[in-house]
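A short worksheet on the structure shown next.
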Amino acid sequence: MVSAADAGDAAALLTDVPAEHRVALVDPRFVGHLHALRLGLTDPRFPAATVPGALTAQPQARPALVRALERTSAAVGAGAPAVDPGTDPAPGDRTVPGRIAVELEAEGVAVQRPALGSLVAAVPTDRDQEAAAVAGLVAVDDEEVRLRNAVKSRDGFFTTFCISPYSRYIARWCARRGLTPNQVTTASLITALIAAGSAATGTRGGYIAAGILLLVSFVLDCTDGQLARYSLQYSTMGAWLDATFDRAKEYAYYAGLAIGAARGGDDVWVLALGAMVLQACRHIVDFSFNEANHDSVANTSPTAALSDALDNVGWTVWVRRIIVLPIGERWAMIAVLTALTTPRTVFYALLIGCALAATYTLVGRLLRSVTRKARRTERAARALADLADSGPLAQAVASLVHGPKRALTAPAAALIGTLVMVGAALFLPYGSWLTVVAAAVYVVLSGFAVARPLRRALDWLVPPFFRAAEYVTILVLAARSDVPHAVPAAFGLVSAVAYHHYDTVYRIRGGTGAPPRWLVRTIGGHEGRTALVAVLAASLTHTSGFTTALTALAVAVALVVLVESIRFWVSSSAPAVHDEGELA
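Numbers given in the numbering used here equal positions in the sequence shown, counted from 1, plus 1002.
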């Protein structure tokens, strides 16, 4: 820490600080809570941030900061006091750091002003103000505020009342011992994998241990986010790990249950894959709808108004959050049923619960869409196109039909294509080449669906329809093949493809755009993979070659998407983020 006599002196001192370092300016008369300074000066997500009497700038904002300091120095004069009572450049902050923040904003630098709530941050100009600031300082326990703010502002009933009351203290314990959120996230993954291994034993003792370990894993899963908020250790890598590890834990546990059931003579792989497919389709509905309406103009509807009104009635908030079967309730149900019942019962409960939740959510999304008068932005249309995951076949069709007026809307084309593909897989004789013909129809309709920008009210349905078509087709063809281990191989393939789809979502959320086009072309796009599986089922009818082909395809897709994903996230220059995530 170095003291500067005035703004001009501070500008000169900045030249001695390496350009890659963050810098902070604090008025020497600052009176306030330590956590107020943490919020204002240590959050890595913003190029610049300020609280009354203090300001910080990341390396990318350093040049603008130097210029702002020079202009401020010229305006107030050398040796000017830290507080200028004659101006009020930022409400509640007339300090030199406050003036500099306004100058930074004038240059186009986004300056974050965190909400301090009951925390005190002030630069008193007389004894009365100083006494008031000190009184506020003594009246509020900033450590209690810090712990309270570590808990996610919107969470499920089980998490809020059964986990967070003590997991926040685990987060503090981790922070005081120098543990990072990523380390806790990794511990949660390892615990869940051990739980999956316990379930795979197929014994009652293994199931009981699996249920307990799954709950421990969920406690750690809550703790990592609370640790990030408590210590302000936000990162792009952390948000990605948290999101992808959640899926890896859930899928690994499903596989463990299926293996355990098979040891006891009960084949539930179809149920396991069905639960995974349903959950993934639920998520893409949420992701697609949210991205479509992320920055819509006139983004209101009577349905949304009713939802907001219900959120003002305490008990309805919790009922509505429980109905969607969020991750806390879902994992608690899985853990308890694993310990007390059988894997088949677990999957039946999952399928019924997730189906009801998906119906409730989908109806709400549809009502909001048809009653909302909004204009989609180019960003939203681009996000939906990226979520569609269209490969070279669909893109080729789209280029041919781009000009003429379409007889079908995008959702109608996607829905008809999905019904044709899934219907053929379900009802045509297994191994029939007519299924391949249906796949060709699906490819054409997929191209029609994305031939024009997805800007209409219901166009957000296109990615969910594509996900359902691909995942369900793989599930049905594998289940109908009667080939040993075909469904476990299909489970691996859907897991690899789902990882790619979740990776796409979190790249878009992080503001870095979708995966590169070469990656989508290499793994075929949704329509290419669906058509390929249909061809494999027709050409390798009732032979072990079908299992081998599905396994090889799963490994190939997994290798390509994992290598590219890890390369991207490890080397990403995306800004630090902390994603509060979905309730589900």
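In this text, a Cβ means the ideal position worked out from N, Cα and C, and glycines have one as well.
Looking at the unbroken beta strand (DSSP E) that takes in residue i, where does it start and where does it end?
i: T1127; result: Neither: T1127 is in no beta strand (DSSP E) and is coded neither H nor E.
i: V1153; result: Taken as a continuous stretch (DSSP letters only), V1153 belongs to no beta strand (DSSP E), as it is neither H nor E.
i: L1463; result: Unbroken run through L1463: none, as it is neither H nor E.
i: A1057; result: Reading off the sequence shown, one finds Leu at residue 1057, where the question assumed Ala. It spans A1056 to A1059 - the beta strand (DSSP E) in which L1057 sits, taken as one unbroken run.
Going by C-alpha distance, which of the options is nearest residue i?
i: L1428; options: T1475, S1155, H1487 and T1205; result: T1475
i: Y1444; options: R1511, G1055 and A1536; result: A1536
i: A1012; options: R1064, Q1281 and L1041; result: R1064
i: T1543; options: A1257, T1437, V1565 and P1455; result: T1437
i: C1283; options: Y1255, I1210, F1468 and V1452; result: F1468
i: F1548; options: L1495, V1113, V1522 and E1529; result: L1495
i: G1530; options: L1067, P1394, R1346 and T1343; result: P1394
i: D1288; options: A1250, P1490, L1368 and F1247; result: L1368
i: R1384; options: V1559, E1293 and Y1209; result: E1293
i: R1231; options: A1554, R1148, A1197 and E1022; result: R1148
i: V1572; options: V1104, V1338, G1240 and S1546; result: G1240
i: E1022; options: R1040, P1046 and P1061; result: P1061
i: W1460; options: T1343, F1048, R1374 and T1044; result: In the sequence on display, residue 1460 carries Leu and not Trp. Cα-wise, what sits closest to L1460 is R1374.
i: H1296; options: R1511, S1434 and G1042; result: R1511
For residue i, does the count of other Cβ atoms within 10 angstroms reach 16, so buried, or fall short, so exposed?
i: F1163; result: exposed
i: Y1168; result: exposed
i: T1532; result: buried
i: I1568; result: exposed
i: P1183; result: buried
i: V1321; result: exposed
i: R1150; result: exposed
i: G1355; result: buried
i: E1109; result: exposed
i: E1380; result: exposed
i: R1249; result: buried
i: V1140; result: exposed
With a threshold of 8 angstroms on Cβ separation, who are the neighbours of residue i within its own chain once the five nearest residues in sequence on each side are excluded?
i: E1132; result: V1033 and P1126
i: V1399; result: V1445, V1446, S1448, G1449, F1450 and A1453
i: E1331; result: G1158, F1159, F1160 and I1324
i: A1359; result: R1284, I1325, V1326, L1327 and A1586
i: E1145; result: H1037
i: D1268; result: T1344, P1345 and R1346
Output the boundary residues of the alpha helix (DSSP H) element that contains residue i.
i: T1550; result: S1546 to S1573
i: V1221; result: R1206 to S1233
i: V1025; result: Counting along the chain, V1025 falls outside any alpha helix (DSSP H), though it belongs to the beta strand (DSSP E) covering V1025 to V1028.
i: L1043; result: L1036 to L1043
i: A1396; result: P1394 to V1403
i: V1485; result: Premise fails: V1485 is in no alpha helix (DSSP H) and is neither H nor E.
i: T1052; result: Looking at the DSSP string, T1052 is not in any alpha helix (DSSP H); the run it does join, the beta strand (DSSP E), is A1050 to V1053.
i: Y1236; result: Where Y1236 is concerned, there is no enclosing alpha helix (DSSP H), given that its DSSP letter is neither H nor E.
i: E1109; result: Run containing E1109: none; DSSP gives neither H nor E here.
i: C1176; result: S1166 to R1178
i: L1430; result: Segment: none, L1430 is in no alpha helix (DSSP H) and carries neither H nor E.
i: V1348; result: P1345 to T1373
i: H1296; result: Careful: H1296 lies outside any alpha helix (DSSP H) and carries neither H nor E.
i: T1017; result: Neither: T1017 is in no alpha helix (DSSP H) and is coded neither H nor E.
i: G1530; result: G1527 to S1541
i: L1195; result: P1183 to A1201
i: G1597; result: The requested residue 1597 does not occur in the structure, where the chain is confined to residues 1003 to 1586.
i: L1410; result: Where L1410 is concerned, there is no enclosing alpha helix (DSSP H), given that its DSSP letter is neither H nor E.
i: V1522; result: R1519 to T1524
i: A1387; result: E1380 to A1390
Residues in the same chain with beta-carbon distance under 7 angstroms from residue i, minus the five sequence neighbours each way, listed in chain order, please.
i: V1004; result: L1015
i: G1276; result: L1353 and L1477
i: A1492; result: L1275, I1476, L1477, A1480 and L1552
i: T1193; result: L1215, V1218, S1219 and L1222
i: A1620; result: With the chain covering only 1003 through 1586, there is no way to say anything about residue 1620.
On the premise that residue j lies in contact with residue i, defined as a C-beta separation below 8 angstroms, what is that separation, rounded to the nearest angstrom?
i: L1229; j: Q1235; result: 7 angstroms
i: T1203; j: G1266; result: No, T1203 and G1266 are not in contact; Cβ-Cβ is about 10 angstroms, not under 8 angstroms.
i: P1669; j: S1290; result: The structure shown has nothing for residue 1669, since the chain only spans 1003 to 1586.
i: H1528; j: S1392; result: 7 angstroms
i: L1456; j: L1364; result: About 18 angstroms; that fails the 8 angstroms criterion.
i: E1566; j: L1534; result: Rounded, the Cβ-Cβ distance is 20 angstroms, inconsistent with contact.
i: T1225; j: V1186; result: 5 angstroms
Identify, in the order they occur along the chain, each residue of the same chain with its Cβ nearer than 6 angstroms to the Cβ of residue i, setting aside the five sequence neighbours on each side.
i: V1019; result: V1025
i: A1500; result: A1282
i: V1272; result: A1481 and V1489
i: A1050; result: A1059, A1063, L1106, V1111 and V1113
i: T1017; result: none
i: E1072; result: A1013
i: V1507; result: F1289
Quick check on residue i - is its C-beta less than 8 angstroms from some C-beta in chain C?
i: R1377; result: Protein chain content of the structure displayed is limited to a single chain, and chain C is not contained in it.
Given the structure, does residue i come close to the ligand NAP, in the sense that its CB is under 7 angstroms from one of the ligand's heavy atoms?
i: T1017; result: For the ligand NAP, the structure offers nothing, since it holds no ligand at all.
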